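The next block holds one structure in the form of structure tokens; read it before the comments.
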Amino acid sequence: MIRPELPDYIRTLVRGKQAANDAIEARLQAEGWDGFPKFLAMVFFLAVDRRFGENAEWPDTIKFVADLRADLHGGAEINTEAAERLIMSVIDPSVDYAASQEMIGTIQAATALKILADANLTDAELDELLAEAATLSGRPAEQ
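So this is what it looks like as structure tokens:
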């Protein structure tokens, strides 16, 4: 089960709505982040699938991770090889990756946010993706 605020939390990050994001984050800090790792993993999976599809190759991933690290404040902290392998593992399940849980979460969050922000999704498209991630995480989407 995930907290119902999690889709709103991701939405505010993608849309750059800092005040709303701060309010949701404060509530989550006080009440708990129940289900966040699973929800983030689903958002990451859906975002990578949307961006790369099933036919991406290593050079696509290498370029994306280089751009991600260059664009992101603190991007140098992201392990390049771990990021490339984690993204490719969505495209090709035979790809292994090894990283700490903290690094995996950092990669998932940064990757998903970059993909979703760069995609210029409509509100309806973003809502649909977040609802699907919530459903895959074990919580039916709220209408």
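The opening position of the sequence shown corresponds to residue 3 in our numbering, with each subsequent residue numbered one higher.
In this text, a Cβ means the ideal position worked out from N, Cα and C, and glycines have one as well.
Just so it is clear, the structure is predicted and the values come from calculations on it, not from any experiment.
If contacts are defined as beta-carbon pairs under 8 Å, then R13 and L132 qualify, I think. What distance do you get, rounded to the angstrom? Start at 1 with the first residue of the sequence shown, and residue 13 comes out as number 11. Start at 1 with the first residue of the sequence shown, and residue 132 comes out as number 130. Their Cβ separation, rounded to whole angstroms, is 6 Å, which keeps R13 and L132 in contact under 8 Å.
Can you give, in chain order, each stretch of the alpha helix (DSSP H) that sits fully within the segment 92-131 and has at least 4 residues? 103-120
Out of L74, I109, F54, I4, point me to the one whose CA is closest to I93's CA. Locating residue 93 in the sequence shown gives position 91, where the first residue counts as 1. Per the Cα distances, F54.
Nearest-angstrom Cα separation, counted from F46 out to T63: For this step, residue 63 is matched to residue 61 along the sequence shown. For this step, residue 46 is matched to residue 44 along the sequence shown. Going from the Cα of T63 to the Cα of F46 covers about 14 Å.
Using the Cα positions of N57 and A32, report the straight-line distance between them to the nearest angstrom. Along the sequence shown, one-based indexing puts residue 57 at 55. Along the sequence shown, one-based indexing puts residue 32 at 30. Going from the Cα of N57 to the Cα of A32 covers about 42 Å.
DSSP-derived helix/strand/coil call for L42: Within the sequence shown, the letter at position 40 stands for residue 42. L42: helix per DSSP, three-state reduction.
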